[in-house]
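Novice:
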Amino acid sequence: MTGAAGPAGAAPVPERKPSIALSATRAGFGPLLCAGDLERGLRLAAEVGFAAVEISVRDPADLGVRRLEKLLSALGLQLSAVATGQSFYTDGLNLCDREAEIRVRAVERFKACTDFAARFGGAVILGGIRGLQACSREEALEAFRQCVAHAGGRGVTVCIEPINRYETDFLNTIAEVTALIGELNAGPVRILPDTFHMNIEEPVIEDSLRRAGALIGYVHLADSNRRAPGGGHIDFAAVRAALDAVGYAGYVGFEILPVPDDETAVRQAWSHWSDYWAHRERGRR
Ligand code: LER
Ligand code: MN
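Just so we're on the same page, my numbering is the position in the sequence shown counted from 1, plus 50.
In structure tokens form, the structure reads like this:
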């Protein structure tokens with residue numbers, strides 16, 4: 051992947067692409083834009099300039115795949131990733147449930163989301179679908195291994211997201227996910243750092259990003275209050291510098307609240323991208 055030229059004598063900045071998180075369905079989980087009106091979200095993302103969208107999917111069976119293919123292609127958008135948390139938030143399917151049968155159903159749903167991601171060339175996110183850890187660590191690892199094996203067979207990367215302690219009791223930090231990836235000892239698995247969660251869990255966000263290094267496979271950007279960057283107090287210049295330092299070249303996905311409303315939030319995210327990232331990278335504009 052070619053990078054944009056950096057300052058004279060400096061290493062080139064890796065190319066990254068902006069994406070924004072939408073939802074096909076109305077979601078209990080807040081930071082998804084145009085939830086329940088995916089077409090509006092796709093049109094808005096494209097009009098504003100995004101190169102890609104991340105779609106939070108409850109069950110891929112709910113979605114018209116052909117229509118989505120047509121829309122994405124007509125709008126010139128890529129699918130950066132499929133988010134899977136709604137399977138837990140809406141349907142109670144938890145990869146770490148106490149009941150083996152629920153874990154099996156959660157793995158099946160994750161596989162269906164992975165097949166959907168494969169069709170569009172995106173990654174699949176393993177975040178909220180791990181719910182609260184009610185099974186043993188070995189049982190959780192076994193469920194994760196099945197998810198990763200299925201994804202590997204389809205050329206899809208699984209991005210495991212550390213999520214803050216107020217949302218889950220399992221895998222809150224970058225260090226915990228790094229250790230887990232070592233234990234899984236299976237590919238293709240990467241870490242998905244989300245700046246909102248990192249602001250709660252990591253002593254110094256940029257130091258943890260540097261430590262994660264080449265394991266970073268996708269990034270979620272949101273400010274300390276889940277608004278678009280600039281709405282809170284995270285230092286995004288430091289975040290960008292850390293991603294530059296580790297040579298991260300991949301999607302940078304905004305996962306933000308529809309505050310004050312969907313359209314304003316999409317535009318605020320784009321304006322942050324333009325101010326902090328796009329002048330150093332090749333976006334669509
Ligand atoms: C999902 O990407 C996320 O960040 C979590 O807050 C979901 O629970
Ligand atoms: Mn996230």
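Using N, Cα and C, we set each Cβ at its ideal position, and we do this for glycine too. Given the structure is predicted, the values throughout are model-derived calculations rather than measurements.
Please classify A319 as buried or exposed, where buried requires at least 16 other C-beta atoms within 10 Å of its C-beta.
Specialist: buried
Novice: According to the neighbour-count rule (16 or more other Cβ atoms, all chains shown, within 10 Å of its Cβ), is G56 buried or exposed?
Specialist: Low per-residue confidence applies at G56: pLDDT is 49, beneath 50, and the placement is therefore not dependable, though the value from the model is reported in the following sentence. By the 10 Å Cβ count, G56 comes out exposed.
Novice: Taking the beta strand (DSSP E) that H270 falls in, what are its first and last residues?
Specialist: V269 to L271
Novice: What residues come near the ligand MN, if near means a beta carbon less than 5 Å from any of its heavy atoms?
Specialist: D244, H270 and E305
Novice: Helix, strand or coil: how does DSSP classify R240 here?
Specialist: strand
Novice: Tell me the residue span of the beta strand (DSSP E) that contains Q128.
Specialist: Q128 to A133
Novice: Hey, is A133 close to the ligand LER, as in C-beta under 7 Å from one of its heavy atoms?
Specialist: yes
Novice: Report the three-state DSSP secondary structure of F304 (helix, strand or coil).
Specialist: strand
Novice: Please say whether V132 and I105 have beta carbons closer to each other than 8 Å?
Specialist: yes
Novice: According to DSSP, is S123 helix, strand or coil?
Specialist: helix
Novice: Let me check you understand the geometry: is the CB of E226 closer than 7 Å to at least one non-hydrogen atom of the ligand LER?
Specialist: no
Novice: Are the CB atoms of A33 and P81 nearer to each other than 8 Å?
Specialist: A query on residue 33 cannot be resolved here, the shown segment of the chain reaching from 51 to 335 and no further.
Novice: Taking 8 Å as the cut-off, decide whether the C-beta atoms of F166 and P238 are in contact.
Specialist: no
Novice: Would the beta-carbon of F79 be found less than 7 Å away from any heavy atom of the ligand LER?
Specialist: F79: yes, Cβ under 7 Å from the ligand LER.
Novice: Closest to I213 by C-alpha separation, out of I179, A193, G205 and A168, would be which residue?
Specialist: Comparing Cα positions, the closest option is I179.
Novice: Just checking, does the segment 270 to 287 make contact with the segment 179 to 193 on the three C-beta pairs under 8 Å criterion?
Specialist: no
Novice: Less than 8 Å between C-beta atoms, sequence neighbours within five positions excluded: which residues of the same chain meet that for W327?
Specialist: R66, P68, R290, V302 and G333
Novice: If you scan the segment 202 to 228 from start to end, which runs of the beta strand (DSSP E) of 3 or more residues do you find wholly inside it?
Specialist: Counting only runs of 3 or more, we get 208 to 210.
Novice: Report yes if the C-beta distance between C146 and A190 is below 8 Å; otherwise report no.
Specialist: yes
Novice: Using the rule of at least 16 other Cβ atoms within 10 Å of the residue's Cβ for burial, across every protein chain shown, is P279 buried or exposed?
Specialist: buried
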